[in-house]
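Taken in order, these protein sequences are the chains called U and B. FYI, the numbering for the first sequence is 997 to 1433, going by the numbering used here. FYI, the numbering for the second sequence is 553 to 634, going by the numbering used here.
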Amino acid sequence: MKIALIDPMFKRVNSNTHMKTLLSTSPYLYFYSSYWSGFSTGLLILASLVPKDAEVRYIDDNFEEIPYEEQFDIVAITATTQQATRAYAIAQEFRKKWGKRCVLVVGGYHVSYYTEEARKTFDVVFQGEAESSWPAFLLDYQKKSWKPVYRSTDYPPVNLQEVPVPRYDLLNSEYYKMLWIQTSRGCPRSCEFCAASEYFGHRTRSKPPEQTVREIRYARKFLKFQPILFADDNMFHRSSHSIELLAELEKSQIRYVAQTDIGIAANPQLLEQLRNSGCSVLFIGFESLDPRNLSLMNNDRWKLKQLSAYGEHIQTILETGIGIYGAFILGYDWDTEESFKDVGDFITEHYLAGAQITFPTPLPGTKLRRRLLKEGRVLNTPWENYTFFDVNISHPTLTKAQLEEELYKLYTRIYSKEYLGQKNRYYKELFRRTFSA
Amino acid sequence: MNRSEIRDKTKQIIADVAGIDIEELDRDLKLREELMLDSLKEMEIVVRTELCFEIALDEDLLISVQTLDEYCDLIEKAVECR
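1) Name the chain B residues that come within less than 9 Å of residue 1349 of chain U, Cβ to Cβ?
2) Since residue 1403 of chain U and residue 1389 of chain U should fall inside the 8 Å C-beta cutoff, what is the C-beta to C-beta distance between them, to a whole number of angstroms?
3) Give me the chain U residues within the contact set of residue 634 of chain B, using Cβ-Cβ distance strictly less than 8 Å, ordered along the chain.
4) Would you call the stretch 1162-1176 of chain U in contact with the stretch 1037-1044 of chain U, where contact means no fewer than 3 C-beta pairs closer than 8 Å?
5) With distances taken between CB atoms, is the gap from residue 1089 of chain U to residue 1055 of chain U smaller than 9 Å?
6) Relative to the alpha-carbon of residue 615 of chain B, which residue among U/1431, U/998, U/1417 has its alpha-carbon at the smallest distance?
7) Could you name the residues of chain B that residue 1419 of chain U contacts, counting a contact when the two beta carbons are closer than 7 Å?
8) Since residue 1106 of chain U contacts residue 1149 of chain U with CB under 8 Å, what's their CB separation in whole angstroms?
9) Rounded to whole angstroms, what's the CA-CA distance from residue 1400 of chain U to residue 1181 of chain U? Just pull it up for me.
10) Quick one: grab the DSSP three-state call for residue 618 of chain B.
11) Three or more beta-carbon pairs under 8 Å between the stretch 1256-1264 of chain U and the stretch 1215-1223 of chain U, yes or no?
12) Please state whether DSSP places residue 1154 of chain U in a helix, a strand or coil.
13) Would you call the stretch 1318-1325 of chain U and the stretch 1347-1363 of chain U touching, i.e. three or more CB-CB distances under 8 Å?
14) Any heavy atom of the ligand SAH inside 8 Å of the beta-carbon of residue 607 of chain B?
15) Drop a sphere of 10 angstroms on the beta-carbon of residue 1452 of chain U, count the other beta-carbons inside from all chains shown, and report buried for 16 or more, exposed for fewer.
16) Pick helix, strand or coil for residue 1061 of chain U, following the three-state DSSP scheme.
17) Which residues in chain B sit within 7 Å of residue 1223 of chain U, going by Cβ to Cβ distance?
18) State whether the stretch 1236-1255 of chain U contacts the stretch 1290-1301 of chain U, with contact taken as three or more CB pairs (one from each stretch) at a distance under 8 Å.
19) Can you tell me whether residue 1206 of chain U is helix, strand or coil according to DSSP?
20) Helix or strand or just coil, what does DSSP make of residue 1326 of chain U?
21) At the level of alpha carbons, what is the spacing between residue 1285 of chain U and residue 1293 of chain U?
22) Inspect the CB distances between the stretch 1068-1075 of chain U and the stretch 1012-1029 of chain U and report whether three or more fall short of 8 Å.
23) Would you mind telling me which residues of chain U sit closer than 7 Å to residue 600 of chain B, beta carbon to beta carbon, in chain order?
24) What are the residues of the stretch 604-620 of chain B that lie near chain U, defined by any Cβ-Cβ distance shorter than 7 Å?
25) Is residue 1364 of chain U near residue 1189 of chain U, with beta carbons less than 9 Å apart?
26) Taking all protein chains shown into account, decide if residue 588 of chain B is buried (16 or more other Cβ within 10 angstroms of its Cβ) or exposed.
27) For a cutoff of 9 Å on Cβ pairs, would you count residue 1428 of chain U as touching chain B?
28) Which first and last residues belong to the alpha helix (DSSP H) in which residue 1132 of chain U is found?
29) Could you give the uninterrupted runs of the alpha helix (DSSP H) lying entirely in the stretch 1002-1078 of chain U, keeping only those of 4 residues or more?
30) Name the chain B residues whose beta carbon is nearer than 7 Å to that of residue 1423 of chain U?
31) Bridge partners for residue 1161 of chain U per DSSP, in chain order?
32) Do residue 620 of chain B and residue 583 of chain B count as a contact pair if the criterion is CB distance below 9 Å?
33) Could you give the DSSP three-state label for residue 564 of chain B: helix, strand or coil?
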């Protein structure tokens, strides 16, 4: 059995020419851009689940030519929403060349919601997490009787303790700037724009700490220098598990970036442990500085309740010697041109190490999409425009051109020689204080 | 402190900040492109080096440096001029 696992081209920007130019030319966005580069851990896990005698290849469309001339028994493609159009094009080429001699399979976030759309091109569509359904499909394939749709809900729930170590050995290490590691799935917050929590659920499932450390050790054999980024959307909100995990990480002597929410600032003991275990930067979703937007984004108002303490919490985290990358969504319902300036001021006044500012994107399956469809505000844009830097919704007061212009101005402000100098001076002083203490 | 000790200590600082085993650090390793040291890690290296050798370094020091070896050369000179 010969299997191709394909990660389609991931465009950072589609139609927003301002941002396209800036991201590809600014020297100050080199690291920012690197954060967006990555491989599909999901496909590497599927590679670990194929029969021992199967030949499996990982093909990254971002770096390699797709080998259409090579015959595979199964071509399995993953797709986020913005990759969907490219995934369909790749599959169509294989079909043209090999007809029904090659079974075309697709999975991932987008097709879990747009299954019928995917069925027009693919023989098999996976809905939801595929770690339980993929082995079932492979057995069906060997019996030559596979189903058109494999739903995760028809199989045992995915137990992360049983998920095998991803096949990092299949990667070409020269392609990747970061090493992504996943320790858990799911997030208790219910933000209307978030696709990951809809897909993985609101109950957090974690790998045991030893399993995570084993994965890091294995990955390090193949990706020796790449900084470690934990892919978990909200890694430290359960402090008992976090304490155990951080104790294990501390023994590994790694450095890493992790994503969590601002609530971590209320737990000084955990912050100390984070620093001791090698955390250099926390990626935190602040989302908006406007209380009306925060109320819309998060119906349990958790984020809104944190707003007044954002500054104090940031200072607490910085004082432990950990930098912060802030995530903001601009172009939300109550935003004006002034909001872009306010976020710029907030980032520079609090010396955030970096920031990811994106437009609200009505991803399939999200509450945001449902709300904006009801309001008739989802624009008729192609899936490849769902990049987060492209405008896909109509704003109550700002035009597409205004939104793009303001985003460009904000990025050039915070990724500039001037702000880099300010940050460097601030962090040099901060590190002097924390390391001398 | 002799030159080899200065180099070893400097390499250890970079290995610790990058979270890499010191054995993996090659003298021609590019700090930004290969080790992916961002500006925060650069500042951390500068401060740890200052504290280790009791020297003062400019925060822009690493902008002019490409490789591990070039950084070690600079620190050697700074320690000698102390």
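In this text, a Cβ means the ideal position worked out from N, Cα and C, and glycines have one as well. Keep in mind it's a predicted model, so treat the numbers as computed, not measured.
Reading from the atomic positions:
1) Here the neighbours are 590, 591, 592.
2) Not confirmed; about 14 Å, so no contact.
3) Per Cβ cutoff of 8 Å: no residues; residue 634 of chain B is ~18 Å from chain U at best.
4) These segments touch.
5) no
6) Looking at the Cα atoms, U/1417 is the closest of the given residues.
7) 591
8) With 8 Å as the limit, residue 1106 of chain U and residue 1149 of chain U do not qualify as a contact, their Cβ atoms being about 18 Å apart.
9) Residue 1400 of chain U and residue 1181 of chain U have their C-alpha atoms roughly 33 Å apart.
10) coil
11) Output reads no: the stretch 1215-1223 of chain U does not touch the stretch 1256-1264 of chain U.
12) coil
13) yes
14) Absence of the ligand SAH is noted for the structure shown, with no ligands found whatsoever.
15) This structure gives no information on residue 1452 of chain U, because the portion of chain U shown stretches from 997 to 1433.
16) In this structure, residue 1061 of chain U counts as coil in the three-state DSSP scheme.
17) 588
18) The stretch 1236-1255 of chain U makes no contact with the stretch 1290-1301 of chain U: fewer than 3 CB pairs, one atom from each, lie closer than 8 Å.
19) helix
20) Correct three-state label for residue 1326 of chain U: coil.
21) Rounded to whole angstroms, residue 1285 of chain U to residue 1293 of chain U spans 12 Å at the Cα level.
22) For the pair of segments examined, the stretch 1068-1075 of chain U was found not to touch the stretch 1012-1029 of chain U: the number of CB pairs separated by less than 8 Å stays below three.
23) Near residue 600 of chain B (Cβ distances below 7 Å), the residues of chain U are 1431.
24) 611
25) yes
26) buried
27) yes
28) 1129-1138
29) 1013-1021, 1026-1031, 1037-1044
30) 592, 595
31) DSSP lists no partner for residue 1161 of chain U.
32) yes
33) helix
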